[in-house]
Amino acid sequence: MSSTSRKVRRTASTGLALVLPLAALAACGGGGSTDTSAEAGSGKGTISVWAHQGQKSEDTAIQNAVKSFNSSQKDIKVDLKLIPGNDYTKTITTTDASELPDVMEFDGPTMANFVFNQKLAPIDDYVSAKTLSNATDAIKAQGEIDGKHYGLGQYDSGLGIYGNKKLLDAAGVKYPTSVDDAWTADEFTAALKALKAKDSDGKVLDIQENNGLTTEWGTYGFSPIVWSAGGSLLKDGKAEGVLDSPETVSALKTFQSWKSDVDPNTDGNAFAKSRVPLSWVGHWMYPAYSEALGDDLVVLPLPDFGNGPKTGQGSWAWGIGADSKNAKAAGTFLDTLLNDENVAAMTTANGAPPATKSALAASDLYKQGGPLQLFSDQLAKPCGDTDIAKSCVAVTRPLTAGYPTVTAKFAEALNSVYSGADPKDALSKAAKAIDQDFSDNAGYEIP
Numbered sequence: 001m002s003s004t005s006r007k008v009r010r011t012a013s014t015g016l017a018l019v020l021p022l023a024a025l026a027a028c029g030g031g032g033s034t035d036t037s038a039e040a041g042s043g044k045g046t047i048s049v050w051a052h053q054g055q056k057s058e059d060t061a062i063q064n065a066v067k068s069f070n071s072s073q074k075d076i077k078v079d080l081k082l083i084p085g086n087d088y089t090k091t092i093t094t095t096d097a098s099e100l101p102d103v104m105e106f107d108g109p110t111m112a113n114f115v116f117n118q119k120l121a122p123i124d125d126y127v128s129a130k131t132l133s134n135a136t137d138a139i140k141a142q143g144e145i146d147g148k149h150y151g152l153g154q155y156d157s158g159l160g161i162y163g164n165k166k167l168l169d170a171a172g173v174k175y176p177t178s179v180d181d182a183w184t185a186d187e188f189t190a191a192l193k194a195l196k197a198k199d200s201d202g203k204v205l206d207i208q209e210n211n212g213l214t215t216e217w218g219t220y221g222f223s224p225i226v227w228s229a230g231g232s233l234l235k236d237g238k239a240e241g242v243l244d245s246p247e248t249v250s251a252l253k254t255f256q257s258w259k260s261d262v263d264p265n266t267d268g269n270a271f272a273k274s275r276v277p278l279s280w281v282g283h284w285m286y287p288a289y290s291e292a293l294g295d296d297l298v299v300l301p302l303p304d305f306g307n308g309p310k311t312g313q314g315s316w317a318w319g320i321g322a323d324s325k326n327a328k329a330a331g332t333f334l335d336t337l338l339n340d341e342n343v344a345a346m347t348t349a350n351g352a353p354p355a356t357k358s359a360l361a362a363s364d365l366y367k368q369g370g371p372l373q374l375f376s377d378q379l380a381k382p383c384g385d386t387d388i389a390k391s392c393v394a395v396t397r398p399l400t401a402g403y404p405t406v407t408a409k410f411a412e413a414l415n416s417v418y419s420g421a422d423p424k425d426a427l428s429k430a431a432k433a434i435d436q437d438f439s440d441n442a443g444y445e446i447p
């Protein structure tokens, strides 16, 4: 399932690098002409490639991919530039389209803004049909607008609850083993109560509070509560009535009630040191948690608030600059970058779910029977960003050029609720601010 076609309206983890600076990204550009097609060019010569500088193992993987590509043929030479991750999105935002590279990496939720500002071109005519068909439906949902693909990723992301089996068993808490038998919100609350009865300080849940709820972690980590309750961050370009719906308000009241159960995790080791039996976080914590707990580590879905369990998805992706004069060569490089060898190398480096069907099926971690099968099962049921039905699980953050405002206002409301504010008031305030911003910017639609 790919995302629904319509006009553009949009750290500690591999999937959460987003949006620096929020205000600049939200305010830039003006849409203008819809002609963002790159020039095909000769398919030969030197092409420029920009990537974010991440953890050392990721940097090595992309550098090795470029080195291998350059040595494998003589027609195309890739000139790679790594830009520090903290500066990366700001660099693309403030660079004129004519100065951007032939190929560039971007954080998934920023894509619609870059399309809106004519900095990305559709890649459908330049990557092979094999590359497109091998991409997972979830990663294609992140990269599609109006039936055109502007980005594909080597890897995806996902959320779950890690559990300490020893502590769960000691408290007599039965836990789900798959998405199909996820705890309801009430069952999750009951599990917390049972765990507290066996815990010395009553702090039994980690929600990565140390990452801050007003950051992108707030939106990525906890918008699944909204979706699972049957609400949405945005629907048909509007937040009022969905972000502050009665179902969403009720769900965030439940979230608010868990605060007394949460370890603030100031040292980042609440779960790894077995201070808490449950940790609400993403795939990226598996290496550290697995090393700390071994066979006592279990992986559970997020709770179901009535519309089925949900998870966020999406991460860094690759696209072609709208002003590229050699998009044919750019597509050839992307075909290589997204092959099994390079996807496997990158996902081995960062532990993320592979975003190609063949690499995912071969992954020791994410394949059927693997320790992180839950994440691939969730990604196998993508919702896109608009049709968030009970039967789907992995939801794409809103594909809109106004996403910086959406995420900033939702995260602000979430933090306020967590700090004791009335959920209805906080969510209504956020919804009004989002709708005002969209009104001020003509809905962020491309003319």
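According to our numbering, numbering within the sequence shown proceeds without interruption in unit steps and concludes at 447. Each residue gets a CB set at the ideal place from its N, CA and C atoms; glycine is no exception.
Task: Given residue 188 as reference, the closest of 438, 165, 173, 65 once Cα atoms are compared - done: 173
- [ ] Report yes if the C-beta distance between residue 338 and residue 131 is below 8 Å; otherwise report no.
- [x] yes
- [ ] Would you mind reading off the limits of the alpha helix (DSSP H) that contains residue 162?
- [x] That residue, residue 162, is in no alpha helix (DSSP H); its beta strand (DSSP E) goes 159-164.
- [ ] Tell me, to the nearest whole angstrom, how far the beta carbon of residue 317 is from that of residue 47; I am working on the premise that it is less than 8 Å.
- [x] 18 Å between Cβ atoms; not a contact.
Open item on the list: Could you compute how far the alpha carbon of residue 220 sits from the alpha carbon of residue 209?
Closed with: 13 Å
Open item on the list: I need the straight-line Cα distance from residue 69 to residue 349, nearest angstrom please.
Closed with: 19 Å
Task: Runs of beta strand (DSSP E) lying entirely within the region 319-399, each at least 3 residues, in chain order - done: 382-384, 394-396
Open item on the list: Using only CA atoms, which one of 374, 290, 256 lies nearest to residue 213?
Closed with: 256
- [ ] Out of 51, 58, 396, point me to the one whose CA is closest to residue 232's CA.
- [x] 396
Task: With 16 other Cβ atoms within 10 Å as the buried cut-off, status of residue 86 - done: exposed
- [ ] Spell out the partners DSSP gives residue 105 in its beta bridges.
- [x] 318
TODO: Please work out which residues of its chain come closer than 7 Å, Cβ to Cβ, to residue 245, disregarding the five sequence neighbours upstream and downstream, and give them in chain order.
DONE: 231
Open item on the list: Counting C-beta neighbours from all protein chains within 10 Å, is the total for residue 353 16 or more, i.e. buried, or is it exposed?
Closed with: buried
- [ ] Go ahead and pull the three-state DSSP assignment for residue 44.
- [x] coil
Task: Beta-carbon proximity list for residue 235, same chain, < 6 Å, skipping 5 on both sides - done: 242
Open item on the list: For a test of your reading of the model: does the CB of residue 94 fall under 7 Å from any non-hydrogen atom of the ligand ATP? Yes or no.
Closed with: The ligand ATP is not part of the structure shown, which contains no ligands of any sort.
Task: Contact between the region 308-326 and the region 99-118 (3+ Cβ pairs under 8 Å) - done: yes
TODO: Report the option in 141, 95, 226 whose CA atom is closest to the CA atom of residue 380.
DONE: 141
Task: Sequence-distant residues of its chain with Cβ nearer than 7 Å to residue 28 (five each side left out) - done: Caution applies to residue 28, whose pLDDT of 43 falls short of 50 and renders its modelled position unreliable; the model cannot decide the point.
Open item on the list: Which runs of the alpha helix (DSSP H) at least 4 residues long sit entirely within the region 49-124? Give them in chain order.
Closed with: 56-72, 85-94, 111-116
TODO: Buried or exposed for residue 179, please, with buried defined as at least 16 other CB atoms from any protein chain shown within 10 angstroms of its CB.
DONE: buried
Task: residue 402, DSSP secondary structure in three states - done: coil
- [ ] Identify the continuous alpha helix (DSSP H) that holds residue 223 and give its terminal residues.
- [x] 216-228
TODO: Check whether the Cβ atoms of residue 150 and residue 176 lie closer than 8 Å to each other.
DONE: no
Task: Pairwise C-alpha distance: residue 435 and residue 252 - done: 21 Å
Task: Alpha-carbon to alpha-carbon, residue 280 and residue 26 - done: Unreliable positioning characterises residue 26 in this predicted model, as indicated by a pLDDT of 42, which lies under 50. The coordinate reading is nonetheless provided below. Rounded to the nearest angstrom, the two C-alpha atoms are 29 Å apart.
Task: Spatial distance of residue 268 from residue 402 (CA atoms) - done: 32 Å
Task: Per-residue DSSP class, three states only, for residue 249 - done: helix
Open item on the list: If you reduce the DSSP assignment to three classes, tell me which class residue 262 lands in.
Closed with: strand
Task: Opening and closing residue of the alpha helix (DSSP H) in which residue 184 lies - done: Here residue 184 belongs to no alpha helix (DSSP H), and DSSP marks it neither H nor E.
Task: Inter-residue spacing [alpha-carbon to alpha-carbon] between residue 158 and residue 283 - done: 6 Å
Open item on the list: According to DSSP, is residue 179 part of a helix, a strand, or is it coil?
Closed with: helix
Open item on the list: Taking its Cβ as the centre, do 16 or more other Cβ atoms sit within 10 Å of residue 63, making it buried, or is it exposed?
Closed with: exposed
Open item on the list: Less than 8 Å between the C-beta atoms of residue 43 and residue 332, yes or no?
Closed with: yes
Open item on the list: residue 327 and residue 38 - do their beta-carbons sit closer together than 8 Å?
Closed with: yes
TODO: Just confirm the distance between the C-beta atoms of residue 412 and residue 430, as a whole number of angstroms; I'd bet it's less than 8 Å.
DONE: 7 Å
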